[in-house]
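Chemist: Residue numbers (this note's numbering), protein chains in the order written: chain A, 2 to 178; chain B, 23 to 176.
Below is one structure. I have some questions about it.
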Amino acid sequence: MLACPACGAENMLGAEECEACGYDLTDLSRPESASSFERSFQDKPVRCLRDHPALTVLANQSVRDVLGLLMQRDEGCAVIVDDQGKAIGVFSERDALMQVADEEEDILDRPVGELMTTEPVTVEADAPIAFALHQMDLGGYRHLPCVDEKGIPVSMVSVRDIVTFVGHRFLEGEAPA
Amino acid sequence: MEPLQILREEPISRLGELPLSTVSPEQTMRDAVAVMRDARRGCVLICRYKMPVGVVTERDVLKRLGASQSLDVPVSAVSTGEVWAVKRSDSLAHAISMMTSHQCRHLPVVGERGEAVGILSVRRIVRALVELFPTAIYNLPPVTLPIRKEREGA
Numbered sequence: 002m003l004a005c006p007a008c009g010a011e012n013m014l015g016a017e018e019c020e021a022c023g024y025d026l027t028d029l030s031r032p033e034s035a036s037s038f039e040r041s042f043q044d045k046p047v048r049c050l051r052d053h054p055a056l057t058v059l060a061n062q063s064v065r066d067v068l069g070l071l072m073q074r075d076e077g078c079a080v081i082v083d084d085q086g087k088a089i090g091v092f093s094e095r096d097a098l099m100q101v102a103d104e105e106e107d108i109l110d111r112p113v114g115e116l117m118t119t120e121p122v123t124v125e126a127d128a129p130i131a132f133a134l135h136q137m138d139l140g141g142y143r144h145l146p147c148v149d150e151k152g153i154p155v156s157m158v159s160v161r162d163i164v165t166f167v168g169h170r171f172l173e174g175e176a177p178a
Numbered sequence: 023m024e025p026l027q028i029l030r031e032e033p034i035s036r037l038g039e040l041p042l043s044t045v046s047p048e049q050t051m052r053d054a055v056a057v058m059r060d061a062r063r064g065c066v067l068i069c070r071y072k073m074p075v076g077v078v079t080e081r082d083v084l085k086r087l088g089a090s091q092s093l094d095v096p097v098s099a100v101s102t103g104e105v106w107a108v109k110r111s112d113s114l115a116h117a118i119s120m121m122t123s124h125q126c127r128h129l130p131v132v133g134e135r136g137e138a139v140g141i142l143s144v145r146r147i148v149r150a151l152v153e154l155f156p157t158a159i160y161n162l163p164p165v166t167l168p169i170r171k172e173r174e175g176a
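Laid out in structure tokens, this is it:
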């Protein structure tokens with residue numbers, strides 16, 4: 002049972018608000034993680050990761066141009082935006098590799114909008130890192146566009162950023178010889 | 023055991039069998055692309071007599087394509103020849119540090135005699151983190167996102 006800190010009434014474990022007084026219990030219902038390591042995944046928002054602006058392109062840009070930009074910016078994934086700047090798709094190195102290498106010339110000149118993955122899974126900058134990690138693991142994604150409340154991409158979170166976060170935060174000083 | 027302690031003490035072999043895709047130094051970049059696509063992996067090892075002598079990644083391929091260079095060249099001509107390998111007995115923390123310090127997404131894993139036994143990807147590390155910390159990662163506020171059966175896109 003969960004005692005309400007405001008009125009002391011007993012509530013079901015996992016209750017979102019106190020049945021007696023309506024006090025918000027969501028924070029109490031969140032599972033307690035054992036270590037600071039685990040807690041940091043829950044407490045730290047996605048924006049604590051290496052913050053690099055998302056590479057945004059328009060759907061009518063050619064695959065060749067987008068590939069060039071990815072390589073130039075050393076990015077693994079571009080976000081395709083509509084004319085309002087909203088994220089409508091993603092095009093990753095993996096997409097490129099799977100589709101481009103066959104009939105190179107032909108596909109390189111096609112608009113990226115034809116080859117992108119539509120309705121990409123996105124995260125908000127305030128979401129906990131654990132959430133991004135979970136999404137990446139579920140979908141097998143290497144990149145998640147981070148969007149603001151209007152769906153405008155503000156940055157890109159990559160699987161490498163998360164591993165770097167773990168490396169820098171917890172394993173510093175254990176660098177390989 | 024503390025999660026951090028697990029990372030520091032558990033060996034890479036704890037992750038089980040790791041995938042291994044290889045090409046020989048004489049094979050072409052086009053061959054390497056075919057291997058990557060079949061295996062759906064972003065990295066193949068260049069091996070001579072089972073010993074890793076180089077790595078070809080999808081970025082190497084895309085750099086060539088972006089610069090309109092041919093894929094019909096031997097992989098040995100493109101690969102940098104630097105191989106950051108880890109041993110199966112090294113800790114997971116060591117692997118993470120290697121990936122962080124060398125900024126790579128894949129590490130060749132070698133056995134006792136230096137023979138290639140697998141490729142450890144950053145994705146597999148993420149899987150391991152999720153498996154190690156189920157409390158932190160699975161017990162999140164519910165989201166109404168469809169769970170996709172196939173991996174797609176990024």
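For each residue, glycine too, the CB sits at the ideal point set by N, CA and C.
1) What's the C-alpha gap between L145(A) and T79(B)?
2) Is the Cβ of K72(B) closer than 8 Å to any Cβ of chain A?
3) Which residues share a DSSP beta bridge with N12(A)?
4) Can you tell me where the beta strand (DSSP E) with H144(A) in it begins and where it stops?
5) Since V108(B) and I68(B) should fall inside the 8 Å C-beta cutoff, what is the C-beta to C-beta distance between them, to a whole number of angstroms?
6) Under 8 Å, Cβ to Cβ, is there at least one residue of chain A near P164(B)?
7) Between the alpha carbons of A88(A) and M99(A), how many angstroms are there, rounded?
8) Near V165(B), what residues of its chain come up, given a Cβ to Cβ distance below 7 Å and the 5 sequence neighbours on each side ignored?
9) Give, in chain order, every unbroken run of the alpha helix (DSSP H) that is at least 4 residues long and sits entirely within the stretch 82 to 142 of chain B.
10) With 7 Å as the C-beta to C-beta threshold (strictly closer), list the residues of the stretch 9 to 24 of chain A near chain B in chain order.
11) Would F132(A) and L50(A) qualify as a contact pair, given that the criterion is a beta-carbon distance under 8 Å?
12) By a C-beta neighbour count over all protein chains shown, 10 Å radius and 16 as the cutoff for buried, is L167(B) buried or exposed?
13) If I'm right that P1(A) touches S159(A) with Cβ under 8 Å, what's the distance once you round it to whole angstroms?
14) Report yes or no: do the stretch 117 to 133 of chain B and the stretch 44 to 56 of chain B share at least 3 C-beta pairs separated by less than 8 Å?
15) Write down the C-beta distance between R74(A) and L56(A) rounded to the nearest angstrom, noting that I regard them as a contact closer than 8 Å.
16) How would you write the range of the alpha helix (DSSP H) that T79(B) sits in, first residue to last?
17) Quick one: which residues of the stretch 151 to 167 of chain A get their C-beta closer than 7 Å to a C-beta of chain B? List them in chain order.
18) Are the C-beta atoms of R111(A) and some chain B residue less than 8 Å apart?
19) If you draw a straight line from the alpha carbon of P177(A) to that of F171(A), how long is it in whole angstroms?
20) According to a CB-to-CB cut-off of less than 8 Å, which residues of the stretch 49 to 75 of chain A neighbour chain B?
21) Got a sec? Which residues, its chain only, sit under 6 Å from E32(B) by beta carbon, not counting five neighbours each side?
22) Is the shortest distance between the beta-carbon of K109(B) and the beta-carbons of chain A less than 8 Å?
23) What residues from chain B crowd round E94(A), counting only those whose CB sits closer than 8 Å?
24) Please report the Cβ distance between L70(A) and A60(A), rounded to the nearest whole angstrom; I am assuming they are in contact, meaning their Cβ atoms lie under 8 Å.
25) Quick one, which of G152(A), I153(A), V122(A) and P154(A) has its alpha-carbon nearest L139(A)'s?
26) Bridge partners for T44(B) per DSSP, in chain order?
27) Alpha helix (DSSP H) containing P25(B): first to last residue?
28) Which residues in chain A have a C-beta closer than 7 Å to the C-beta of R127(B)? List them in chain order.
29) Against D138(A), what residues of chain B qualify as contacts under a CB-to-CB distance less than 7 Å, listed in chain order?
30) Assuming P14(B) contacts F155(B) under a Cβ cut-off of 8 Å, what Cβ separation, rounded to an integer in Å, is found between them?
31) Let's see if you can read the secondary structure: which residues bound the alpha helix (DSSP H) around T165(A)?
32) Cβ of R170(A) less than 8 Å from any chain B Cβ?
33) Hey, would you say P112(A) sits closer than 8 Å to S37(A), going by beta carbons?
Modeler: Taking the coordinates as given:
1) 21 Å
2) no
3) L3(A)
4) H144 to V148
5) No, V108(B) and I68(B) are not in contact; Cβ-Cβ is about 17 Å, not under 8 Å.
6) Unreliable positioning characterises P164(B) in this predicted model, as indicated by a pLDDT of 46, which lies under 50. The coordinate reading is nonetheless provided below. Answer no: the Cβ-Cβ gap between P164(B) and chain A never drops below 8 Å.
7) 22 Å
8) Note that V165(B) has pLDDT 49, beneath the 50 cutoff, so the model's placement of it is unreliable and the number below is only indicative. Nothing meets the Cβ criterion.
9) 97 to 100 and 114 to 124
10) none
11) no
12) Reliability of the predicted coordinates at L167(B) is poor, the pLDDT of 49 falling under 50, and the value obtained from them is presented with this limitation in mind. So L167(B) ends up on the exposed side.
13) Beyond the ends of chain A as shown, which are 2 and 178, falls residue 1(A); an answer cannot be given.
14) no
15) 6 Å
16) In this chain, T79(B) is not harboured by any alpha helix (DSSP H); it is covered by the beta strand (DSSP E) spanning M73 to T79.
17) V160, R161, I163, V164, T165 and V167
18) Interface flag for R111(A) against chain B is unset, since no Cβ pair is found closer than 8 Å.
19) Its pLDDT being 47, under 50, P177(A) is placed unreliably in this model, and the coordinates cannot settle the point.
20) R65, L68, G69, L71 and M72
21) Correct list, in chain order: L114.
22) no
23) The contacting residues are G64, E80, R81 and L84.
24) Actually they are not in contact, since the Cβ atoms of L70(A) and A60(A) sit about 14 Å apart, beyond 8 Å.
25) The alpha carbon of L139(A) has as its nearest neighbour, out of G152(A), I153(A), V122(A) and P154(A), the alpha carbon of V122(A).
26) Note: T44(B) sits in a beta bridge opposite L67(B).
27) P25 to E31
28) R161
29) V148, R149 and V152
30) The question about residue 14(B) has no answer, for chain B in this structure spans 23 to 176.
31) Counting along the chain, the unbroken alpha helix (DSSP H) around T165(A) starts and ends at V160 to F171.
32) no
33) no
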